[in-house]
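Undergrad:
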Amino acid sequence: MAADRLLKYWLIAPAFLVIAATLLYPLVAALWYSVHDWNIAQQATLGPFVGLENYTRVFADDPDFWHSIRVTLVFTAFSVVLTLVLAMALALLLTGGDPMRVYVRTLLVIPFAMSPALLGISWRFLLNPEFGAFSAVIGFVFPWLKGVPLLADPTLAMIALIASDVWHWTPYFMLMFIGALAALPQETVEAAQVDGAGKLRVFYEIMLPQLRPVLAIAVLLKAIFSLKVLDQVVTLTAGGPGTATETLAHFVFQTAFRWYDLGYAAAVAYLLAAVMAVLAGIYSRYVMERHP
Amino acid sequence: MSESTRRMIGKWARGIAIALVVLVFFGPILWIMATAFKEPRDVYALKVFFTPTLQNIYASFDTPFFVGERTWNSIVVTMGTLVLSLPIATAAAYAFSRFRFPGGSVWSLGVLATQFIPPVIVIIPLFVAFRHANLLDTKLALVIANMSFVVPYAIWMIKGFIDSIPLDMEEAAQIDGASRLRAIWDVVVPMALPGIATAAIFCFVVSWNEFFYALVLSRQDATTLQVGLMSARTERGDAWEIMAAMGLIIILPMLVLSRFVQKYFAKGLISGSVR
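Protein chains in written order, with our numbering: chain A, 59 to 350; chain B, 2 to 276.
#1: Excluding the 5 residues preceding and the 5 following phenylalanine 97/B in the sequence, name in chain order all residues of the same chain whose CB lies nearer than 8 Å to its CB.
#2: Verify whether the separation of the beta carbon atoms of alanine 240/A and threonine 114/A is less than 8 Å.
#3: Relative to the C-alpha of leucine 176/A, which residue among Leu249/B, Gln116/B and Leu256/B is closest?
#4: Would you identify the three-state DSSP class for phenylalanine 107/A, choosing helix, strand or coil?
#5: I'd like the list of long-range same chain contacts for alanine 92/B, defined as Cβ closer than 6 Å, with 5 residues on each side in sequence excluded.
#6: What are the complete alpha helix (DSSP H) segments, minimum 4 residues, inside the stretch 111-174 of chain B?
#7: Please go through the same chain and pick out, in chain order, the residues whose beta-carbon is closer than 6 Å to the beta-carbon of isoleucine 236/A, but skip the five residues on each side of it.
#8: So, does the CB of arginine 15/B fall closer than 8 Å to a CB anywhere in chain A?
#9: Using a C-beta to C-beta distance shorter than 8 Å, which residues of chain A count as neighbours of isoleucine 76/B?
#10: Starting from the beta carbon of asparagine 210/B, find every residue of chain A whose beta carbon is closer than 9 Å, and list them in chain order.
#11: Give the DSSP bridge partners of glycine 104/B, in chain order.
#12: Assign isoleucine 77/A to one of three DSSP states: helix, strand, or coil.
#13: Where do the ends of the alpha helix (DSSP H) carrying serine 126/A lie?
#14: If you reduce the DSSP assignment to three classes, tell me which class serine 274/B lands in.
#15: Which runs of the alpha helix (DSSP H) at least 4 residues long sit entirely within the stretch 224-281 of chain A? Give them in chain order.
#16: Going along chain B in order, which residues have a C-beta closer than 7 Å to the C-beta of lysine 204/A?
#17: Any contact between the stretch 89-98 of chain A and the stretch 312-320 of chain A? By contact I mean 3 or more CB pairs, one from each, below 8 Å.
#18: I'd like to know if the stretch 19-36 of chain B and the stretch 151-167 of chain A are in contact, where contact means that at least 3 CB-CB pairs between them fall below 8 Å.
#19: Would you mind giving the Cβ-Cβ distance between leucine 285/A and valine 326/A, rounded to the nearest angstrom? I have them listed as a contact below 8 Å.
#20: What does the alpha-carbon distance come out to for the pair alanine 179/B and valine 23/B?
#21: So, for isoleucine 264/A: in the same chain, excluding its five sequence neighbours on each side, which residues have a beta-carbon less than 6 Å away from its beta-carbon?
#22: Between the beta-carbon of leucine 219/A and the beta-carbon of valine 291/A, is there less than 8 Å?
#23: According to DSSP, is asparagine 210/B part of a helix, a strand, or is it coil?
#24: By Cβ distance, which residues of its chain are closer than 7 Å to tryptophan 181/A, with the 5 residues on each side in sequence left out?
#25: For phenylalanine 315/A and chain B, any beta-carbon pair shorter than 8 Å?
#26: Would glutamine 227/B and glutamate 211/B qualify as a contact pair, given that the criterion is a beta-carbon distance under 8 Å?
#27: Within 10 Å of its beta-carbon, does threonine 225/B have 16 or more other beta-carbons around it, so buried, or fewer, so exposed?
#28: Over the uninterrupted alpha helix (DSSP H) stretch that includes valine 25/B, give me the two end residues.
#29: Smallest Cα separation from valine 224/A: which of Thr141/A, Asp119/A, Pro169/A and Phe136/A?
#30: Could you have a look at asparagine 97/A and say whether DSSP puts it in helix, strand or coil?
#31: By how many angstroms is the C-alpha of isoleucine 252/B removed from the C-alpha of aspartate 138/B?
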């Protein structure tokens, strides 16, 4: 039995090493960098200790940071709501076991399995004012937008970024909702239908309340994914035009790897991590409740 | 309106809605894939019907795009991540499933919580460390960086499967004289294989699609397909037909796997949250 007691530590040792080296160490190191003034383009080793100066600079004296917070919040709010509403609508449309729907569901997984980087650059191509397929369709539906470079307009670029994200995530949450719909007890739905309730009423009054726990988790998960959105920002808009789509993660990326201001970037990244930690805490409490 | 006409309209409306959904979600991907086979002038003329050509695919393998090398880098990094992560994760998953650790479930929940750490915070010290170790622009650096998110996730997923394997079978093997490790290898691993396969598909998809770490950590030699996409934006303008050719290679494994991805990947991402 003594051997067993050691065995368990041997079994987790490699995983622990990986996590310690690739996650715990970076977290501690980033915290350490964040209290230093360190531009890696100017000096290869850690710069002078400055205490909380980077953090006070973030709050007191960096309009770009506050701007990126606003951008991130707008992006998150719209992408969460639109993704989940659309995903629920598609789930209701595509739930069921007939071969056609199963096949369509399989097809719809592909936008989700597509890499965000490719998704961003593809949308950039599709939105090209001269030969983009999306632009052609948009120009047809809204003639005044014909030939307009959509990604050069701050508002339209933001809409494009949100739309691409909704397109990417909707299939995933659709699958999640289809799973949840299948798990609903059929009797209550049927009883309501027998009572003559319309489809909309059945959905709002019978199904939706039972789906609340799943919806809560979906909102949290999508919010977490949205808050750290980065890959398709890099490839679709690169934060532009100007800084119109400069999300917080992209702001950190620019600060660290374009301006090489690692100390300041680490401080901003820590603020993002703090928001995520709160959400992750709520999320794990949910998971714990369901899997004690 | 009679009941039957109403039902007819409903059926048609549903059919049209489903067709529209397929068009919106799959159309753009088809368009990109078709673009890979178009001559440049057909790309810029927005042609729907065209004579297919392999010229872009050939061009993409040439200077300055090097799709051959980048595909190879992507394959090596993805497979390296899989080969290293799965055994490590399986061992840890078994330990978390079968043994009690001081602190209880804090540890396995902590493993899950790592998924919420934003990549931008992790990459800063990793970049510094790899620079120090002269590992920038190597495939090894990318594999290590990928393991940071693959290993915790694979642990969490595989643990769920091992939890559902009854203890008696491995106990029986141990009574027959096999050591615990032997019992794990002979009894538990084969039974957990569906879970390990699920984790493998998840790891494959996320490693293959990984962009940001590769963008920061590679320059030229270790550049993967995902980062290579950026090279389609040349000084002479964007070479969209080349981008489409790269995109095709990126999507192909997903098309092959889509059936499994639907079955396992979506379930995997939410395992533990919804059941």
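Don't be surprised by glycine CBs; every beta carbon is placed ideally from N, CA and C. In this text the structure is predicted, and so the values were computed from the model without any measurement.
TA: On the basis of the supplied data:
#1: The sequence position of residue 97/B within the second sequence is 96, counting from 1. For phenylalanine 97/B, where only same-chain residues beyond five positions count, the Cβ hits under 8 Å are Trp108, Ser109, Val112, Ile156 and Lys160.
#2: For this step, residue 240/A is matched to residue 182 along the first sequence. For this step, residue 114/A is matched to residue 56 along the first sequence. It is not a contact, given that the beta carbons lie outside the stated cut-off.
#3: Counting from one through the first sequence, the residue named residue 176/A turns up at place 118. Considering only alpha carbons, the answer is Leu249/B.
#4: Locating residue 107/A in the first sequence gives position 49, where the first residue counts as 1. If DSSP states are grouped into helix, strand and coil, phenylalanine 107/A belongs with the strands.
#5: Here residue 92/B refers to the residue found at position 91 when the second sequence is read from its first residue. Closer than 6 Å at the Cβ level, and outside the excluded window around alanine 92/B, lies no residue.
#6: 120-133 and 140-164
#7: Here residue 236/A is taken as the residue at index 178 of the first sequence, counted from 1. Cβ neighbours of isoleucine 236/A beyond the five flanking positions: Ala149 and Thr153.
#8: What you label residue 15/B is simply residue 14 of the second sequence in a count that begins at 1. Yes, arginine 15/B lies at the interface with chain A (some Cβ there is under 8 Å from its Cβ).
#9: For the purposes of this step, residue 76/B is taken as residue 75 along the second sequence, with counting starting at 1. By Cβ distance, chain A contributes nothing, its closest Cβ being about 15 Å from isoleucine 76/B, past 8 Å.
#10: Within the second sequence, the letter at position 209 stands for residue 210/B. Residues of chain A passing the Cβ test: Ala171, Met172, Ser173, Pro174, Ala175, Leu176 and Asp289.
#11: Start at 1 with the first residue of the second sequence, and residue 104/B comes out as number 103. Glycine 104/B pairs with nothing; no bridge assigned.
#12: Mapped onto the first sequence, residue 77/A falls at position 19. Note: isoleucine 77/A maps to helix in three-state DSSP.
#13: As a first step, residue 126/A must be located in the first sequence, where it is residue number 68. Serine 126/A -> alpha helix (DSSP H) spans 121-152.
#14: For this step, residue 274/B is matched to residue 273 along the second sequence. Low per-residue confidence applies at serine 274/B: pLDDT is 37, beneath 50, and the placement is therefore not dependable enough to give any value.
#15: 244-252
#16: For the purposes of this step, residue 204/A is identified with residue 146 of the first sequence, where counting begins at 1. Within chain B, no residue comes near lysine 204/A; the closest Cβ sits about 13 Å away, beyond 7 Å.
#17: yes
#18: yes
#19: The residue you call residue 285/A lines up with position 227 of the first sequence. The residue you call residue 326/A lines up with position 268 of the first sequence. So it is not a contact: roughly 13 Å between Cβ atoms.
#20: As a first step, residue 179/B is located in the second sequence; it is residue number 178 there, counting from the start. As a first step, residue 23/B is located in the second sequence; it is residue number 22 there, counting from the start. Cα-Cα distance, rounded: 54 Å.
#21: Within the first sequence, numbered from 1, the residue matching residue 264/A stands at position 206. Closer than 6 Å at Cβ, skipping near neighbours: Thr246, Val247 and Ala250.
#22: On the first sequence, residue 219/A is found 161 positions in, with the first residue counted as 1. On the first sequence, residue 291/A is found 233 positions in, with the first residue counted as 1. Yes, Cβ-Cβ distance for leucine 219/A and valine 291/A is below 8 Å.
#23: Residue numbering aside, residue 210/B sits at position 209 when the second sequence is read from its first letter. Helix.
#24: Taking the first sequence and counting its residues from 1, one reaches residue 181/A at position 123. The residues are Ala218, Ser222 and Leu294.
#25: Counting from 1 along the first sequence, the entry for residue 315/A is found at position 257. Taking Cβ atoms only, chain B reaches closer than 8 Å to phenylalanine 315/A, which makes this a yes.
#26: Along the second sequence, one-based indexing puts residue 227/B at 226. Along the second sequence, one-based indexing puts residue 211/B at 210. Against a cut-off of 8 Å, the Cβ pair of glutamate 211/B and glutamine 227/B comes out as a contact.
#27: Residue mapping note: residue 225/B aligns to position 224 of the second sequence, counting from 1. Flag for threonine 225/B reads buried.
#28: On the second sequence, position 24 is the one that residue 25/B refers to. Unbroken alpha helix (DSSP H) run through valine 25/B: 4-37.
#29: Taking the first residue of the first sequence as 1, we reach residue 224/A at position 166. Of the candidates Thr141/A, Asp119/A, Pro169/A and Phe136/A, the one whose C-alpha sits nearest the C-alpha of valine 224/A is Thr141/A.
#30: Within the first sequence, numbered from 1, the residue matching residue 97/A stands at position 39. DSSP places asparagine 97/A in strand when its eight states are reduced to three.
#31: What you label residue 138/B is simply residue 137 of the second sequence in a count that begins at 1. What you label residue 252/B is simply residue 251 of the second sequence in a count that begins at 1. C-alpha separation (whole angstroms): 24 Å.
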